[in-house]
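Report on the following structure.
4 protein chains.
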Amino acid sequence: MSDTIEIKVRGYHLDVYGHVNNARYLEFLEEGRWALFDGKLDLTDWQTRGLSFFVVNININYRRPAALGQTLKIHSFLSRIGRSSGVIRQEVFIKASGELAADADITFVIADSSRGKALPLTGDLAREFEIFQPRK
Amino acid sequence: MSDTIEIKVRGYHLDVYGHVNNARYLEFLEEGRWALFDGKLDLTDWQTRGLSFFVVNININYRRPAALGQTLKIHSFLSRIGRSSGVIRQEVFIKASGELAADADITFVIADSSRGKALPLTGDLAREFEIFQPRK
Amino acid sequence: MSDTIEIKVRGYHLDVYGHVNNARYLEFLEEGRWALFDGKLDLTDWQTRGLSFFVVNININYRRPAALGQTLKIHSFLSRIGRSSGVIRQEVFIKASGELAADADITFVIADSSRGKALPLTGDLAREFEIFQPRK
Amino acid sequence: MSDTIEIKVRGYHLDVYGHVNNARYLEFLEEGRWALFDGKLDLTDWQTRGLSFFVVNININYRRPAALGQTLKIHSFLSRIGRSSGVIRQEVFIKASGELAADADITFVIADSSRGKALPLTGDLAREFEIFQPRK
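Going down the list, the sequences are from chains Y, P, B and Z.
Counting from 1, position 66 in the first sequence corresponds to residue 66 in my numbering; the numbering is continuous, with no gaps.
Counting from 1, position 119 in the second sequence corresponds to residue 255 in my numbering; the numbering is continuous, with no gaps.
Counting from 1, position 67 in the third sequence corresponds to residue 339 in my numbering; the numbering is continuous, with no gaps.
Counting from 1, position 46 in the fourth sequence corresponds to residue 454 in my numbering; the numbering is continuous, with no gaps.
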C-alpha cells in the first residue's frame with residue numbers, strides 16, 4: 001500500500017494549452033486509488049463476494065497548471081466514512097515547488113453487485129476501510 | 137453550435153467493470169463543450185486577444201452505468217454567470233431509456249493569458265456567453 | 273454500417289506538439305472499425321458463439337500532422353482475407369485539403385474464445401467479412 | 409535514463425475484452441521512450457535548436473493479452489540508425505511469466521521545425537542517439 005505516488009508529466013498527458021488535461025487528472029487520481037488499495041483491499045476478491053466499489057461523485061479543483069517534465073505527487077487517504085458512502089481525499093502537488101495543482105473529493109459506495117444497491121458502511125465493511133485513514 | 141451531441145459507447149470507452157470509465161466521461165463532457173462553442177466562440181481568436189478559458193472545478197455525479205452499444209446524449213448549457221466565474225451545466229442521458237447517466241457542473245474563469253489572472257465576467261465578456269444560455 | 277466516419281480534432285486530442293497524439297489515432301481507428309461493423313457484425317452475438325475478434329498487428333504511418341479544429345475523415349474497408357487472418361485498411365484524411373494524415377493496416381484473427389486459438393477464415397466465417405470489402 | 413520501465417495494469421487500462429486496450433499500449437510505449445530519453449536527450453532544448461522528433465511509423469504486434477493486476481516490463485532501445493530515419497525497438501513483457509505481450513518498432517525522423525523536413529541522421533545528430541543503443 002502506498003498513499004503517495006509520483007507521476008512525471010509527459011507529452012501525451014498535455015492538451016492544446018500545454019498543460020495536463022482535465023480528463024487525464026482523473027486517470028492520475030484513479031492510479032492513486034489503485035496504489036492506495038494495493039495489497040490491502042482486493043477488488044477481485046470483492047467481486048467474488050458480490051461487492052462493487054462505485055464512485056458516485058468526483059469534485060475536483062484545478063488550482064495550478066502542471067507542465068511537461070514536472071513530477072506530480074498524488075496523496076490519497078480516506079477522509080470520511082458515512083452510513084452509506086465514504087470519501088477519499090486526493091491532493092496533487094507539484095513536487096519541485098510543493099504547490100497544489102489539484103485536489104479532489106471522491107465519494108464512493110459499496111454496492112451489492114447482484115442488485116446494484118448501495119450497502120450500509122457499517123460493521124465489517126466499515127472496518128475494512130479504516131486502514132486507509134491518514135496516519136497520525 | 138450544438139448544445140446536444142450524441143456519442144455511441146464503444147469497447148475502448150469501458151473499463152474493468154464493463155462500464156464507461158470515470159475519466160472518459162470528462163472527455164465526453166469536453167467534447168460537448170467544444171461542440172457548444174463551435175462557430176460561436178472562437179477560442180483561437182480568444183488566445184490572440186490574450187484570453188484563456190480555464191476550468192477551475194468539475195463536480196460530476198455518476199448516476200447510472202453506461203454500457204457497450206448504448207448511445208449517450210450530452211446536453212450542455214450555461215447555467216450561471218457570476219462576477220468572476222461561470223458555470224456550464226452538462227447532463228448525460230442514455231438515449232434509449234431517457235435515464236440520466238451522469239450530470240456535472242463545470243466552473244470556469246476567463247483569464248488574462250499574460251498574468252494568469254481571472255477577469256471580471258462583466259460587460260462585453262459577459263455578453264459573449266449569453267448565447268449559451270438555455271433556449272426558452 | 274458506415275465505412276467513413278468524421279472526427280473533429282479537439283483540444284484534448286492533441287499533445288505537447290499541438291498535433292493529434294499517436295495513441296489517439298488508434299482510438300480514432302478503433303472508432304472507425306466499430307462504425308464499420310455497426311449493424312453488420314454483432315460482436316456481442318459473436319461472444320455468445322464463442323468467437324473473439326483480436327487485433328494482432330497494427331502498422332500505422334503518420335504522414336502529416338492534424339491540428340486543432342480540422343475535421344478528419346476515416347475510411348475503413350476489408351483489404352484482404354487470408355487463410356487464418358484478415359486485414360482492415362484504414363486511411364485518415366484531412367477533410368478540407370484531402371491530404372492523407374495517416375494510414376494503417378490492421379491485421380486480425382478470429383479466435384475460439386475458450387482456447388484462444390485463431391480459427392481458419394474459411395467458409396461461413398469468411399463470408400461474414402465479405403460485406404466489408406470496398407464497394408466497386 | 410532508464411531503458412526499462414514497469415507499469416502495473418489498472419482497471420482504466422482495460423477495454424471491453426478485459427485486456428489492455430490497443431491504443432493504451434501506445435501510451436505505455438510513449439512512456440517508455442520518454443523514460444529512455446530522460447536526462448540524456450533534452451527535447452525542450454531540441455525545440456529551441458529547431459529540431460523535432462517525429463514518429464513516422466509504428467508497427468506493433470499484440471502477442472498475448474495483459475490483464476488486471478499484472479506488471480508489465482517495457483524495454484526500449486535504439487535498434488537502427490539509417491541515413492534519414494532511426495528505429496526504436498520496444499518490447500513489453502508480462503513480468504511474472506516473462507512472456508512477451510507486445511513488441512513494436514518505432515520509426516522516427518528528426519525534422520527541421522521551421523520547414524518540417526527530415527534531416528540526415530549523420531554526424532553530430534547520429535552521435536546523439538548512440539547512447540540509446542543496447543548495452544553489451
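Just so it is clear, CB atoms sit at the ideal spot from N, CA and C, and this is done for glycine as well.
The structure presented is a predicted model; accordingly, all values stated were derived computationally and were not measured.
Scanning the region 235-271 of chain P from its first residue to its last, the whole beta strand (DSSP E) runs of 3-plus residues come out as 236-248. Within the model, the alpha-carbon separation for Z:W454 versus Z:T479 is close to 33 Å. Taking 4 residues as the minimum length, the alpha helix (DSSP H) runs contained wholly in the region 27-98 of chain Y are 43-48, in order along the chain. Taking a C-beta distance under 7 Å as the contact criterion, Z:F462 and Z:A512 do not qualify as a contact pair.
In this structure, the alpha-carbon of Y:L41 lies about 50 Å from that of P:T258. Within the region 143-177 of chain P, the residues whose Cβ lies closer than 9 Å to some Cβ of chain Z are R146, G147, Y148, H149, L150, D151, V152, Y153, G154, N157, N158, A159, R160, listed in chain order. Listed in chain order, the non-local C-beta contacts of B:G304 below 6 Å within the same chain comprise I277, I346, S348, Q362, local neighbours out to five positions each way being set aside. Below the 9 Å Cβ cutoff, chain Y contributes no neighbours of B:L344, its closest Cβ being approximately 16 Å away. Using a C-beta cut-off of 8 Å, the region 398-406 of chain B makes no contact with the region 327-340 of chain B, since fewer than three inter-stretch Cβ pairs fall below that distance. Chain Y has no Cβ within less than 7 Å of the Cβ of P:V223. Z:F516 and Z:K416 have their C-alpha atoms spaced approximately 27 Å apart.
Between Z:S521 and Z:G447, the C-beta gap is not smaller than 7 Å, which leaves the two residues out of contact.
Looking only at P:V228, P:S221, P:S233, the smallest Cα-Cα distance to P:L255 is reached by P:S221. For Z:Y433, the closest of Z:I496, Z:V500, Z:G477, Z:I489 by C-alpha to C-alpha distance is Z:V500. From the beta-carbon of Z:L476, the residues of chain P found nearer than 8 Å are V152. Around the beta-carbon of P:L236, fewer than 16 other beta-carbon atoms lie within 10 Å, marking it exposed. Put simply, the backbone Cα of B:G341 is about 35 Å away from that of Z:G490. Nearest in C-alpha terms to Z:W442, of all of Z:D411, Z:S460, Z:K503, Z:A475, is Z:D411. Distance from B:E299 to Z:A510 at the Cβ level is roughly 17 Å; contact not present, criterion being Cβ atoms closer than 8 Å.
If you draw a straight line from the Cα of Z:S505 to the Cα of P:H149, it comes to about 29 Å. Scanning its chain for C-beta atoms nearer than 6 Å, with the 5 sequence neighbours on each side dropped, one finds no residue around P:F173. Counting only Cβ-Cβ distances below 8 Å, B:V327 has contacts in chain Z at N430, Y470, in chain order. By the neighbour-count criterion, in which a residue is buried when 16 or more other Cβ atoms sit within 10 angstroms of its Cβ, Z:D423 is buried. Interface flag for P:I194 against chain Y is set, since a Cβ pair is found closer than 7 Å. Comparing alpha carbon positions, the residue from B:V359, B:I366, B:N293, B:T316 closest to B:A398 is B:V359. Counting the other Cβ atoms within 10 Å of the Cβ of B:R282 gives 16 or more, which makes it buried. As DSSP reads the structure, B:V292 sits in a beta bridge with B:L286. In this model, Z:R472 and B:T320 are separated by some 22 Å (Cα to Cα).
A straight line joining the alpha-carbon of Z:K503 with that of Z:V428 spans about 15 Å. Just so you know, the alpha carbons of Z:L451 and Y:R80 end up roughly 43 Å apart.
Per the coordinates, the alpha-carbon of Z:A475 lies some 15 Å from the alpha-carbon of B:G388. For B:Y289, the CB contacts under 8 Å within the same chain, skipping 5 residues up- and downstream, are P337 in chain order.
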